[in-house]
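Only one structure is covered here, and it is reproduced in the block below.
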Amino acid sequence: MNTYFTVSNLNQMSALEVHRIYKLRVDVFVNEQQCPYAEIDDTDALPDTFHIRANDRTGALAGYARIYPDTGAGFRAKCGGGVDIDDDRRLWQFGRFCIAPAARGTGLGAAIMKDALKLAHEQNPDADVAITAQTPLRGYYEGYGFTVCGDEFDWDGMMHLPMVRPAG
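Residues 1 to 168 in UniProt numbering are what the sequence shown spells out, letter by letter.
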């Protein structure tokens, strides 16, 4: 699959690019996974939220993820002491990671994950990367150096685990 990657903030995108992001996220998370929740949130529009997009050669959005710096207070609460996360150190939150059905099994997910982790490191090499992973994907994220740091919890009808990948 021939893809090209773009990383930008929401205010740097065209209306069509934003529409493609929201459509893919709703198609995957709300429709496919049958998890109705507020997919569009204020985090998307923050000036330091990075939207990582992989488009195929026709321009269709094949995969997506976002990362943004966070104080980590909410995430630390989810970890419940499972790992020692410095309260004074900011985290990168990784999320909304999704691949269009036609692009699954092509290695695109790995490419997006590697780009996101590289971007987080380039922006702040001392910041950990945190995710709230869907429980069935625990092993997938462990393959990228994430470890579970708290108890499983229900997030809008789907079980999740707080996970963190130490800086470095």
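Every residue, glycine too, gets a C-beta built ideally from N, C-alpha and C.
For residue i, does the three-state DSSP call read helix, strand or coil?
| i | result |
| --- | --- |
| I40 | coil |
| A133 | strand |
| G139 | helix |
| P162 | strand |
| D27 | helix |
| Y22 | helix |
| L61 | strand |
| A167 | coil |
| V83 | The predicted position of V83 is uncertain, since its pLDDT is 49 and thus under 50; no value can be drawn from it. |
| D56 | strand |
| G145 | coil |
| D70 | strand |
Does the Cβ-Cβ distance between residue i and residue j come in under 8 angstroms?
| i | j | result |
| --- | --- | --- |
| A133 | M163 | yes |
| A65 | F94 | yes |
| N9 | F50 | yes |
| F153 | I131 | no |
| F29 | E17 | no |
| A127 | R104 | no |
| A110 | I67 | no |
| R165 | Y144 | yes |
Candidates the options: which alpha carbon is nearest residue i's?
| i | options | result |
| --- | --- | --- |
| A167 | W92, G150, L161 | W92 |
| T135 | E122, D126, A127, C149 | C149 |
| Y124 | R104, D70, R96, V28 | According to the sequence provided, residue 124 is Asn. The question's Tyr does not apply to it. Among R104, D70, R96, V28, the Cα nearest to that of N124 is on D70. |
| E142 | L161, T58, F29, V18 | L161 |
| D115 | A15, I52, V129 | I52 |
Between the C-alpha atoms of residue i and residue j, what's the straight-line distance to the nearest angstrom?
| i | j | result |
| --- | --- | --- |
| R25 | E32 | 10 angstroms |
| G82 | D56 | Because G82 sits at a pLDDT of 47, beneath the cut-off of 50, its placement in the model cannot be relied upon, and the following sentence gives the value as read from the coordinates. Approximately 40 angstroms, taken between the alpha carbons. |
| P47 | F5 | 20 angstroms |
| R138 | K118 | 20 angstroms |
| M159 | R96 | 15 angstroms |
| Y22 | E122 | 26 angstroms |
| G107 | W155 | 27 angstroms |
| T3 | A102 | 13 angstroms |
| D41 | T58 | 28 angstroms |
Since I believe residue j is in contact with residue i (beta carbons under 8 angstroms), could you give me their beta-carbon distance rounded to a whole number of angstroms?
| i | j | result |
| --- | --- | --- |
| A62 | I99 | 7 angstroms |
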